[in-house]
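Undergrad: Structure incoming, see below.
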Amino acid sequence: CCPQVHSLQELRRSASLATKVFVQRDYSDGTTCQFQTKFPPELESRIERQLFEETVKTLNGFYAEAEKIGGSSYLEGCLACATAYFIFLCMETHYEKVLKKISKYIQEQNEKIYAPRGLLLTDPLERGMRVIEISIYEDRCSSGSSSSGSSSSSSGGGGGGAGGR
Amino acid sequence: MTPGGGSGPMKDCEYSQISTHSSSSPMESPHKKKKSAPKRKWEVFPGRNKFFCNGRIMMARQTGVFYLTLVLILVTSGLFFAFDCPYLSEKITPAIPAIGGILFFFVMGTLLRTSFSDPGVLPRATPDEAADLERQIDIANGSSSGGYRPPPRTKEVIINGQTVKLKYCFTCKIFRPPRASHCSLCDNCVERFDHHCPWVGNCVGKRNYRFFYMFILSLSFLTVFIFAFVITHVILRSQQTGFLNALKDSPARYPFTETNSVVCFFSVWSIVGLSGFHTYLISSNQTTNEDIKGSWSNKRGKENYNPYSYGNIFTNCCAALCGPLSPSLIDRRGFIQPDTPQLAGPSNGITMYGATQSQSNMCDQDQCIQSTKFVLQAAATPLLQSEPSITSEELPLPGKTAISGPCATLTLGQPTPPSSMPNLTADTGLTDMIPLKEEHEGHQFLTPDEAPSPPGMLPSGSPITHSHTMHVLSLASQDSLHEDSVRGLVKLSSV
């Protein structure tokens, strides 16, 4: 079998999780949501540095757009205030709209770039906007390398299938 | 079930000895029950919060004072509208009740918004995340844990030229973002934590600060308004009939007018004062927390300044009040993902971290219970690892909607162990703990799906001796506050 080429569905079926890498937040600009663009060493062999950095930079750009303080956000804020914030019951905020865009972008990146390399991005929103979680999968049909898991990587990793049913 | 193979690398004999067969039957029924009733995330939320309307409303545990606030506002306003407005609208202008009505509407709207919304709670770390952090801390500190207490875990970042220390939260297993703080009453880390307000029955943080400010501002206007017009009413009447006569004139009204005035008088000073204080905080872009601690005051040093301030009052105010509203991170109404098909595969064993070991040595009862859960979690984690990660793939695929409205149901392939707990716990086989639990707590086997959040925030931990675990269990049973975690242990053992 071809070790490194997967679609998302294939990953689910045939691969087992080896480890997870966490890209932390970059607080140097304050409390705005930005992620570090430092390339994690665990991904060295799995993906090109430039692709990864571009993903993170694009995500950072999205978040900056969501949190931008400017004319339109003021309008939204004032309108909401004028209606005693009841308008939030019917309207989607600008932030939420951008989050949808982000979610689509991540899905697209996963399908096009990360899954074929045996990687998977998790939307930071599901991790409390703290980290970008990148799951690294080992190919099952490749050697029994997966037992290495514990080495330097994080949490106990995978093997699942405890079949406790 | 292949527990043996999965726990191969584990040195902990206590777990492999325990028979899992006896637990298989209790496991079956809760497991089936779980499948038919998917739970929402708010039901297993780890913090001390109350939820209403199926997760749409979120408040702190103690809400008594909030009801008092409601009653005070409703009664005062009600009396005003009922007894003073008819006279005033006749004598002066009908605009008075109209404006009063608008103010009242605004006050109630902002109060309810403040009380019912998520203040900006940070969800606790997933076990993987927590384990990764622990590992990084260990690398940073050196792996030896000297004595009972590990060195304080802090990270320093430089924000706009100012050095800010990020603290590690032991409960939530995260490094708190700048300006976040852990509320001990709600047991949550809250972003841009201002304070916990018993009057609104909730924490005031990033997401509801503007509602809170609008509430106290409009309430000040309302109390001043009511106070002024109640006095006007009495004056006008006394002009007609003499002061004492005015008070005697409507014996039914007299006590109410008095009460109204008194309540308003005291409220005015406190509420107006509070509004003034928060106006100052907003214009300097500080939180109550920071102001009280004097984090950015000049007294600490000439070089100390507030790195979050935008420089001018106007921008600070606009940013705080009209800035974008970030979404809730805790996804109260999402469903806990039911178990997905297991993937067979070798377990990679558990990674042990020295830091967790040191954590388990901490005398704090909370920590003891936590660390017990670590162990249970640790036993469980490697066997399930692939499953959660696979479910995470489902996130982008089935038309996942982000927060698209108050009632949106999110189906997230949430890779938190709670959803996958039932599958593996057979392996941890804590059956010998069950009798102990039943003695103390009398718990029935609960559906594994209710597996509490505590597992969700635990990293894979180092093995703890069996006796320690038993000791911890008895501690746990004594502590009513940790009832949840205890229940969690039972659940783990029940599967």
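Chains as they are written, first to last, in the numbering used here: chain C, 418 to 582; chain S, 8 to 502.
Using N, Cα and C, we set each Cβ at its ideal position, and we do this for glycine too.
How is S/Pro10 classed by DSSP in three states: helix, strand or coil?
TA: Confidence at S/Pro10 is low in this model, with a pLDDT of 44, below 50, so its placement is unreliable and no value can be given for it.
Undergrad: Please decide whether C/Ser462 counts as near chain S, where near means a Cβ-Cβ distance under 9 Å.
TA: It does not: the Cβ of C/Ser462 has no partner Cβ on chain S nearer than 9 Å.
Undergrad: Roughly how many whole angstroms lie between the Cα atoms of S/Lys172 and C/Tyr444?
TA: Taking the straight line from one Cα to the other gives about 11 Å.
Undergrad: Could you tell me the alpha carbon to alpha carbon distance between S/Gly204 and S/Cys210, rounded to whole angstroms?
TA: It is worth fixing the name first, because residue 204 of chain S is Cys in this sequence and not Gly. Their backbone Cα atoms lie some 6 Å apart in a straight line.
Undergrad: Among the candidates S/Arg340, S/Ala137 and S/Ile64, whose CA atom is the shortest distance from the CA of S/Leu119?
TA: Nearest option by C-alpha distance: S/Ile64.
Undergrad: Under the rule that 16 or more other beta-carbon atoms within 10 Å means buried, what is S/Ile181, buried or exposed?
TA: S/Ile181 comes out buried.
Undergrad: Between which two residues does the beta strand (DSSP E) harbouring S/Met115 extend?
TA: Unbroken run through S/Met115 is the alpha helix (DSSP H), Ala102 to Phe123; no beta strand (DSSP E).
Undergrad: From the DSSP output, read off the bridge partner residues of S/His240.
TA: Partner(s): none; S/His240 has no beta bridge.
Undergrad: Report back the beta-carbon spacing between S/Leu336 and S/Val51 to the nearest angstrom; my notes put them in contact at under 8 Å.
TA: Their Cβ separation, rounded to whole angstroms, is 16 Å, which puts S/Leu336 and S/Val51 out of contact at 8 Å.
Undergrad: Please confirm if S/Phe113 has its CB atom under 9 Å from at least one CB of chain C.
TA: So, interface residue.
Undergrad: Can you tell me whether S/Gln421 is buried or exposed, with buried defined as 16 or more other CB within 10 angstroms of its CB?
TA: Confidence is the limiting factor: at S/Gln421 the pLDDT is only 39, short of 50, which leaves the residue's position unreliable, though a coordinate-based value still follows. S/Gln421 is buried by the Cβ-count criterion.
Undergrad: Spell out the partners DSSP gives S/Cys210 in its beta bridges.
TA: Looking at the DSSP assignment, S/Cys210 forms a beta bridge with S/His203.
Undergrad: Note down the Cα distance separating S/Trp303 from S/Val82, rounded to an integer number of angstroms.
TA: Distance between the alpha carbons of S/Trp303 and S/Val82: 41 Å.
Undergrad: According to DSSP, is S/Ser335 part of a helix, a strand, or is it coil?
TA: S/Ser335: coil per DSSP, three-state reduction.
Undergrad: Taking C-beta pairs closer than 7 Å, name the residues in chain S that C/Phe439 reaches, listed in chain order.
TA: Chain S residues near C/Phe439: Glu136 and Asp139.
Undergrad: Report the residues of the stretch 471 to 496 of chain C with a CB closer than 9 Å to any CB of chain S, ordered along the chain.
TA: The stretch 471 to 496 of chain C vs chain S, Cβ under 9 Å: Ala483, Glu484, Lys485, Ile486, Ser490, Tyr491, Leu492, Glu493, Gly494 and Cys495.
Undergrad: On the three-pair Cβ rule with 8 Å, is the stretch 467 to 485 of chain C touching the stretch 503 to 515 of chain C?
TA: Taking 8 Å as the limit for Cβ pairs, the verdict is that the stretch 503 to 515 of chain C does touch the stretch 467 to 485 of chain C.
Undergrad: Looking at the C-beta of C/Leu542, does it have a partner C-beta in chain A at a distance below 9 Å?
TA: Included in the structure are the protein chains C and S, with no chain A among them.
Undergrad: Please tell me whether C/Ser560 has its Cβ less than 9 Å away from any Cβ of chain S.
TA: With a pLDDT of only 47 at C/Ser560, under 50, the local geometry of the prediction cannot be trusted, and no value is derived from it.
Undergrad: Name the two residues that bound the continuous alpha helix (DSSP H) containing S/Cys329.
TA: S/Cys329 -> alpha helix (DSSP H) spans Ile320 to Cys329.
Undergrad: Since S/Phe58 is in the beta strand (DSSP E), which residue starts that stretch and which ends it?
TA: Residues Asn56 to Phe59.
Undergrad: Quick check: is the beta carbon of C/Leu516 nearer than 9 Å to any beta carbon in chain S?
TA: Closer than 9 Å to some Cβ of chain S, the Cβ of C/Leu516 qualifies, so yes.
Undergrad: Give the residues of chain S in contact with C/Arg547, contact being defined as C-beta atoms less than 7 Å apart.
TA: Neighbours of C/Arg547 on chain S, chain order: Ile181.
Undergrad: Could you tell me the alpha carbon to alpha carbon distance between C/Ile551 and S/His202, rounded to whole angstroms?
TA: For C/Ile551 and S/His202, the distance between alpha carbons rounds to 35 Å.
Undergrad: How is C/Asn527 classed by DSSP in three states: helix, strand or coil?
TA: Residue state, collapsed to three classes: helix.
Undergrad: Against C/Phe503, what residues of chain S qualify as contacts under a CB-to-CB distance less than 8 Å, listed in chain order?
TA: Within chain S, the residues near C/Phe503 are Gly116.
Undergrad: Using the Cα positions of S/Tyr131 and C/Leu542, report the straight-line distance between them to the nearest angstrom.
TA: Per the sequence shown, the amino acid found at residue 131 of chain S is Arg instead of Tyr. Rounded to whole angstroms, S/Arg131 to C/Leu542 spans 13 Å at the Cα level.
Undergrad: Name, going along the chain, the residues of the stretch 313 to 327 of chain S whose beta-carbon falls closer than 9 Å to a beta-carbon of chain C.
TA: Listed by position, the residues of the stretch 313 to 327 of chain S near chain C (Cβ gap below 9 Å) are Pro314, Tyr315, Tyr317, Thr322, Cys325 and Ala326.
Undergrad: Do you know offhand how far S/Ile109's Cα is from S/Gly85's?
TA: Going from the Cα of S/Ile109 to the Cα of S/Gly85 covers about 14 Å.
Undergrad: Can you list, in chain order, the residues of its chain whose CB lies under 7 Å from that of C/Gly490, leaving out five sequence neighbours each side?
TA: Checking the sequence shown, residue 490 of chain C turns out to be Ser, not Gly. Around C/Ser490: His511.
Undergrad: Flag this pair as touching only if the stretch 288 to 302 of chain S and the stretch 235 to 243 of chain S have three or more C-beta atom pairs under 8 Å; answer yes or no.
TA: These segments do not touch.
Undergrad: Output yes if chain S places a C-beta closer than 9 Å to the C-beta of C/Thr448; else output no.
TA: So, interface residue.
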